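Enquirer: At position 177 of the sequence shown (counting the first as 1) the number is 177 in the UniProt record's numbering, and the numbers step up by one without a gap. Backbone N, C-alpha and C fix where the C-beta goes; we use that ideal spot for every residue, glycine too. If you're wondering where the values come from, they're calculated on a predicted model, not measured in any experiment. So that we are looking at the same thing, I have put the structure below in C-alpha cells.
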Amino acid sequence: MKIKSLIILSLIITAATSFTYFIAPRIITEIRNPIFELAKSKKFSPKIDDLNLERDNVEILQFKTHDEIKLSAFISYTDKEEIKGTIILLHGIRSSKKHFKDLWSRLADLGYNSIALDLRAHGDSEGQHCTFGAKEKKDISSLIDNLLMNPRIDKNIGIWGQSLGGAIALQVLAYDKRIKFGIVESTFSDLKSIIHDYFEYHAGFNIKYLTNFLIQRSGEIAGFDPDAVIPLEDCKNIEQPILLVHGNKDQRISIKYAQMNFTNIISNLKEFLEIKNANHLNVWRIGGKDYFYKVIGFIKKQTLVNLDQLNSAEVLEITPK
C-alpha cells in the first residue's frame, strides 16, 4: 500500500511538473493553442467573403516579416480626392483585423486610408506565438516598408492600437520614426506586471515566484525576452504627437498604467483622455460620439487639416461595435 501511494504521488508530481514546464507557459504566448482555438470556433466571425471588400474599396495585403512569417492585412482606400493620411489599426489579443470594419469604413468617408493588420499568430496571419511587441514592432516596420512602395498610400502615417495593439503601438512609435502620430487605447506599461495582474484577476491569487517562472519559460518557448517588453521605457523615446485613452473602470488593465505611460512620454504634443465608467472592452461604446469627435479631431490636427472642417455630422455614425 505504501509503495502504491508513493507511485501515485510520484505520478502526480511528474504530471504537475510537466504541466508547469511545458503547458502552462504556452497559455501566455501561444495564440494558436488548441484550447483557445476550440473556444474561439464557437464565436461568430465574419468570413472575408462576407465583408464585400471590392464594394468597400478594400484590398488584401500579404507580406513577409524579418523572420519570414507571412502577415495579412486589409488596406481600406478612401475615394476622396484629397487623401488626408494613413492609419495603421492594431487589434487586441486573440482578436483580428475584421474587428475594425466599421472604423475603416468611417475613416475612408473622412478621407483617410487605413490598414487593419492581423498581428502575428492572429487571424489570417502566420505564426504561433504572440511576443507582445518584441517581434511585432519589427513586423510593423516591415508593413511600413510595403506601404511606402504603394503610390496610393499617403506618407503621413499614424497608428491606432487597442490593448495589446496599444502596447505594440507605443513600442513602434519609439522604434520607427516613420510613424508620425499615435492613438493608444487601454494598454499596459510592462509585460511582467500585467501578467501578474492577469493571474490575480482570473485565478483570484498570484504566486509571484511561479508566475515569474512561467513568464520566463513562455519567453523561451516563443523566442523573446519578456524582460525587454516594457512600453513604459519606450515612452521615453516617443517624440511624436500621441493620444492616450483609458477607461477608469478597467479591471483588466488599470488606468494607472496609462497614467504612468503618459508621464514618461517626452513628446510635447501628448494628450490623455479618461473615459468615465468605461471598462476594458467598452471604451468605444461608452465614449460614443463625443469620444470619436475628440479622436478624429486629434487625427486631423496631425494630418494638417483645417479643424474648422470638423463637425458633429462627420462623427455621428462613427460608433463601431
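1. Please classify Y291: is it buried, with 16 or more other beta-carbons within 10 angstroms of its beta-carbon, or exposed?
2. Can you give me the start and stop residues for the alpha helix (DSSP H) that E185 sits inside?
3. If I'm right that T86 touches S142 with Cβ under 8 Å, what's the distance once you round it to whole angstroms?
4. Going by the beta-carbon positions, is the gap between I93 and I115 smaller than 8 Å?
5. Secondary structure at K270, three-state DSSP: helix, strand or coil?
6. Is DSSP giving K70 helix, strand or coil here?
7. Using 8 Å as the Cβ pair cut-off and three pairs as the minimum, do the stretch 223-233 and the stretch 247-255 touch?
8. Within the continuous alpha helix (DSSP H) that includes H202, where are the two ends?
9. Would you kindly check if the distance between the Cβ of I238 and the Cβ of I265 is under 8 Å?
10. Assuming E59 is part of the beta strand (DSSP E), what are its boundary residues?
11. State the start and end residues of the unbroken beta strand (DSSP E) segment that holds N113.
12. Please name the residue in I83, L170, R106, V184 whose C-alpha comes closest to that of K236.
13. Note down, in chain order, each residue of its chain lying with its Cβ closer than 8 Å to the Cβ of E82, except the 5 sequence neighbours on either side.
14. Would DSSP call residue 331 helix, strand or coil?
15. Check the Cβ-Cβ distances between I179 and every residue of chain C, and say whether any is below 8 Å.
16. Grab me the residues of S125's own chain with a C-beta within less than 6 Å of its C-beta, minus the 5 sequence neighbours each way, in chain order.
17. Looking at the unbroken beta strand (DSSP E) that takes in G85, where does it start and where does it end?
18. Under three-state DSSP, which class holds E30?
19. Using a Cβ-Cβ cut-off of 7 Å (strictly less than) and excluding sequence neighbours within five positions of L232, which residues of its own chain qualify?
20. Pull the bridge partners of I242 from the DSSP assignment, please.
21. Under a Cβ-count criterion, where at least 16 other Cβ atoms within 10 Å of its own Cβ denotes burial, should A203 be classed as buried or exposed?
22. So, is I299 buried or exposed, given that buried needs 16 or more other C-beta atoms within 10 angstroms?
23. Are L243 and V295 closer than 8 Å when you measure CB to CB?
Expert: On the basis of the data shown:
1. That one is buried.
2. No alpha helix (DSSP H) contains E185, which is instead part of the beta strand (DSSP E) from 179-185.
3. Between S142 and T86 the Cβ distance is about 16 Å, and since that is not below 8 Å, they are no contact.
4. For I93 and I115, no; Cβs fall outside 8 Å.
5. Of the three classes helix, strand and coil, the one that applies to K270 here is strand, per DSSP.
6. In this structure, K70 counts as strand in the three-state DSSP scheme.
7. No contact exists between the stretch 223-233 and the stretch 247-255.
8. Where H202 is concerned, the enclosing alpha helix (DSSP H) stretches over 191-203.
9. Contact flag set, yes.
10. Note, E59: beta strand (DSSP E), 58-64.
11. Counting along the chain, the beta strand (DSSP E) containing N113 begins and ends at 112-117.
12. Selected option, being the one with the closest Cα: L170.
13. Within the same chain, E82 has close Cβ partners G111.
14. The requested residue 331 does not occur in the structure, where the chain is confined to residues 1 to 321.
15. In the displayed structure, chain C is absent; only one protein chain is listed.
16. Correct list, in chain order: L71, S72, D118.
17. First-last of the beta strand (DSSP E) with G85: 85-90.
18. It is a strand residue.
19. Excluding its 5 nearest sequence neighbours in each direction, L232 has C-beta neighbours in its own chain below 7 Å: S189, D190, M260, N261, N264, listed in chain order.
20. According to DSSP, I242 bridges with G182, K270.
21. Taking all protein chains in view, the Cβ of A203 is surrounded by fewer than 16 other Cβ atoms within 10 Å, so the residue is classified as exposed.
22. The residue in question, I299, is buried, as its Cβ has 16 or more Cβ neighbours within 10 Å.
23. It is a contact, given that the beta carbons lie within the stated cut-off.
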